[in-house]
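The block underneath contains the structure these notes are about, expressed in structure tokens.
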Amino acid sequence: MSARILVVDDVPANVKLLEARLSAEYFDVLTASNGTEALEICARAECDIILLDVMMPDLDGFEVCRRLKSNPATHFIPVVIVTALDSPADRVRGLESGADDFLTKPVSDVVLIARVRSLTRLKMMTDELRMRAITSLEIGMQAPERSAIADKGTGGRILLVDDRPSSYEKLAPILSAEHTVDVETNPSEALFHAAEGNYDLLIVSLSLDNFDGLRLCSQARSLERTRQ
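At position 60 of the sequence shown the residue is numbered 63 (this note's numbering), and the sequence of numbers has no breaks.
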């Protein structure tokens, strides 16, 4: 699996390090030293994933991400914020700007490649859906991506799997402001709950008592009803 990755960072050493790591895994790598250059590259070249630093001299990474996500031509490109900033407030800013993931420097090779491969698969699926939408439009059917772009990301159904009241009692009310949220405190029942509930999002705690949250995620991805 290969893809074209755009690395955006104003520190040459960081760019060369990421470029070397990705090239070793046979990814095609483009580089930009600032936000303006990154936007120009995205306008003329098809990029599959963007690794974006935050602290840059002209446009910061949050603003670059916002511009990319507000442009229909680049809206579907996954953006990963890669930065030394690691406070919860910085993560929230990154997600609010439209970022798809957030990695804190220094990033291990294993984590970096795993995230890039995961987002590459996501981009391939998104591209397939967009091609279907274009085909539908050409034969006179309504293109589903129009409604997807207009979607404000509210009104979803979320299953929150967490057995710690101190955690889910804080998170559930926040999510409930814009979504329907169900809390499952028994991890053993969560998979059945997810399969029967037609949820848009599954949030799993990795601090479950005597239960592997990652195993639950893997099981959910293996079931037909919870795979999409």
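Note that CB positions come from ideal geometry on N, CA and C, so glycine has one too.
Excluding the five sequence neighbours on either side, which residues of its own chain have a C-beta within less than 7 Å of the C-beta of residue i, listed in chain order?
i, result
"residue 152", "At residue 152 the pLDDT is 46, less than 50, meaning the model places this residue with poor confidence and gives no usable figure here."
"residue 125", "81"
"residue 34", "10, 18 and 22"
"residue 85", "54, 55, 56, 106, 108 and 110"
"residue 7", "31, 33, 49, 50 and 51"
Do residue j and residue i count as a contact pair if the criterion is CB distance below 9 Å?
i, j, result
"residue 71", "residue 83", "no"
"residue 54", "residue 114", "no"
"residue 217", "residue 164", "no"
"residue 161", "residue 203", "yes"
"residue 138", "residue 5", "no"
"residue 229", "residue 194", "yes"
Under 8 Å Cβ to Cβ from residue i, same chain only, skipping five residues before and after it: list those, please.
i, result
"residue 63", "38 and 57"
"residue 176", "none"
"residue 200", "160, 162 and 185"
"residue 60", "13 and 37"
"residue 69", "100 and 101"
Under 6 Å Cβ to Cβ from residue i, same chain only, skipping five residues before and after it: list those, please.
i, result
"residue 65", "96 and 100"
"residue 214", "190"
"residue 188", "166"
"residue 87", "108"
"residue 15", "none"
"residue 181", "157"
Would you identify the three-state DSSP class for residue i, choosing helix, strand or coil?
i, result
"residue 153", "Residue confidence for residue 153 is low, a pLDDT of 47 falling below 50, so the modelled location carries little weight; the figure read from the coordinates is stated next. Note: residue 153 maps to helix in three-state DSSP."
"residue 79", "coil"
"residue 65", "helix"
"residue 185", "strand"
"residue 105", "strand"
"residue 44", "helix"
"residue 35", "strand"
"residue 110", "coil"
"residue 119", "helix"
"residue 142", "coil"
"residue 96", "helix"
"residue 57", "coil"
"residue 164", "strand"
"residue 212", "coil"
"residue 227", "helix"
With a cut-off of 9 Å, does the C-beta of residue i fall near any C-beta of chain D?
i, result
"residue 180", "No chain D is present in this structure, which holds just one protein chain."
Inset, instruction - Check whether the segment 87-94 touches the segment 43-51, counting contact only when three or more Cβ pairs, one atom from each stretch, lie closer than 8 Å. - result: no
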